[in-house]
Structure formats: C-alpha cells, structure tokens
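Take a look at the structure below.
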Amino acid sequence: MPWRFLFAAGAAHAGEHSRNAYSGDQPGVIVYFIHKGDKFTVCDTEYDLMDVYGEYKYERIDGSQQQETHYLATGDGTCFTFDHNFGEDRTVTFRACVDQPVALLPDLCYNWATGIA
1 MPWRFLFAAG AAHAGEHSRN AYSGDQPGVI VYFIHKGDKF TVCDTEYDLM
51 DVYGEYKYER IDGSQQQETH YLATGDGTCF TFDHNFGEDR TVTFRACVDQ
101 PVALLPDLCY NWATGIA
C-alpha cells in the first residue's frame, strides 16, 4: 500500500496533545491529517474513474466553525496535500469521500476521524 508511507505517528511537536489521523481506506480514497504543519493529504487509491475528496470541520477559538472540502480529480495513485494553519491543540474532524458520478446516489463517505493540530 504505497499511501501508508505518508502517515507516520512521529514525535509530538509544540502541541502537547497533537496527533495524526486518517479516514478512509482502500479501495477508493484515504485522507490523512498530519498535525505537524496542519496538512490534509487526499489520495485516490483506485482506478474507478471517480473523483475523491476530503471534508473537514474545525471550531475556531472564537466558537465559529470553519468547513471546507478538498477535491482531488487527478486519478488513481495520486495524492495532493492541502496546508492549513489551525490553532495549537485544536480538534479537527474530517472524513474521506468518493464522489458518485450519478447525482441521485449519495457519495460514499467513511466515518469521521479526529486529529489534533
């Protein structure tokens, strides 16, 4: 599984409770949250002609919520990293999804995962 090398537990950085996490698995899609640098890496893991994406939710210190979706449309075996700047020790929830090509079908999304910036 070539995508596994992207995710290593590693030593904690400045944040005492920081932690990496991932959502999804093969086949289809996997999304990694890497706490060092606050990055999401979205990987398409199957040749199925479907786009994949990761979506996340992050509660800012002022209580407002930031939500975003990161799409990857480059195909099987590719990954892309999206950088962020979350506050130290803040919780980020996210999940990996496969975009179904038929509008009437719901997207296939994995369970929500939790990382700590």
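Numbering (my numbering) for the sequence shown: 1 to 117. Note that the Cβ used here is the ideal one computed from N, Cα and C, for glycine as well.
Pick from the options that is closest to residue i, judged by C-alpha positions
i: Asp107; options: Asn20, Gly24 and Arg19; result: Gly24
i: Thr69; options: Ala113, His17, Gly115 and Phe82; result: Phe82
i: Phe33; options: Ser64, His84 and Leu49; result: His84
i: Gly75; options: Val52, Asn20, Tyr22 and Thr41; result: Val52
i: Gln100; options: Cys109, Val92 and Gly87; result: Cys109
i: Glu59; options: Arg19, Phe94, Leu104 and Leu105; result: Phe94
i: Leu49; options: Arg19, Thr78, Lys57 and Asp62; result: Thr78
i: Tyr71; options: Asn20, Ile61, Tyr56 and Arg19; result: Tyr56
i: Gly63; options: Phe80, Asn20, Val102 and Thr91; result: Thr91
Within 7 Å, strictly: CB atoms of residue i and residue j
i: Gly125; j: Val98; result: As displayed, the chain neither begins before 1 nor continues past 117, which places residue 125 out of reach and without an answer.
i: Phe86; j: Ala113; result: no
i: Val31; j: Ala73; result: no
i: His122; j: Asp89; result: Limits of the chain in this structure are 1 at one end and 117 at the other, which puts residue 122 out of reach.
Simplified DSSP assignment, three categories, for residue i
i: Leu105; result: coil
i: Phe5; result: Only weak support is given to the placement of Phe5: the predicted model assigns it a pLDDT of 39, under 50, and the value that follows is read from those uncertain coordinates. Reduced to three states, the DSSP call for Phe5 is helix.
i: Tyr110; result: coil
i: Gly10; result: Interpretation of Gly10 is limited by its pLDDT of 40, a score under 50 that renders its predicted location unreliable; the figure taken from the coordinates is listed afterwards. Note: Gly10 maps to coil in three-state DSSP.
i: His84; result: coil
i: Gly77; result: coil
i: Ala117; result: coil
i: Arg90; result: coil
Exercise. Mind listing, in chain order, the continuous beta strand (DSSP E) runs of no fewer than 3 residues lying wholly within the segment 13-67?
Key: 21-25, 29-34, 39-44 and 52-59
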